[in-house]
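Counting from 96, one number per residue, gives the positions in the sequence shown under the numbering used here. Here is the structure we will look at.
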Amino acid sequence: MHAFRYRKGRLVCEGVDLESLARRYGTPLYVYSHATLAGHCRRLMEVLRPLDPLLCYAMKANSNRAILSSLARLGGYLEQQR
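Okay, structure coming up:
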């Protein structure tokens, strides 16, 4: 379901130790998984496909450019801030 796992008692995301990221970049630290995001988007689109939905994401909910770019590539529509 998602790319966050415990390995030998340590939380990792897509194979990267999150404690090492916290030491390097400080806290609080937001960590996102492209694999998790893509997987959830694909599942949602697959389930809703018979309804022919327009899946939208409000950019004001999270303005992280990498995430927005990923969502757009996955076929989502980005609602722009006004």
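C-beta: ideal position from N, C-alpha, C; glycine also.
With a threshold of 6 Å on Cβ separation, who are the neighbours of residue i within its own chain once the five nearest residues in sequence on each side are excluded?
| i | result |
| --- | --- |
| Arg-138 | none |
| Phe-99 | Cys-108 |
If the criterion is Cβ atoms closer than 7 Å, does the pair residue i and residue j meet it?
| i | j | result |
| --- | --- | --- |
| Tyr-152 | Leu-169 | no |
Excluding sequence positions up to five away, which residues of its chain have a Cβ less than 7 Å from the Cβ of residue i?
| i | result |
| --- | --- |
| Arg-105 | Asp-112, Glu-114 |
Could you give the distance in angstroms between the alpha-carbon of residue i and the alpha-carbon of residue j?
| i | j | result |
| --- | --- | --- |
| Ser-128 | Arg-144 | 24 Å |
| Pro-148 | His-97 | 24 Å |
Nearest to residue i by CA position, among the options, is which residue?
| i | options | result |
| --- | --- | --- |
| Ala-130 | Ala-161, Glu-174, Tyr-172, Leu-173 | Ala-161 |
| Ser-158 | Glu-174, Arg-100, Asp-147 | Glu-174 |
Could you round the C-beta distance between residue i and residue j to whole angstroms and report it? I think they count as a contact, below 8 Å.
| i | j | result |
| --- | --- | --- |
| Gly-171 | Cys-136 | 7 Å |
Is it the case that the CB of residue i approaches a heavy atom of the ligand GTP more closely than 6 Å?
| i | result |
| --- | --- |
| Val-142 | With respect to the ligand GTP, the structure shown offers nothing to examine, as it has no ligands at all. |
Within its chain, find whatever has a CB closer than 8 Å to the CB of residue i; leave out the 5 residues flanking it on each side and keep chain order.
| i | result |
| --- | --- |
| Ala-133 | Ser-165, Leu-169 |
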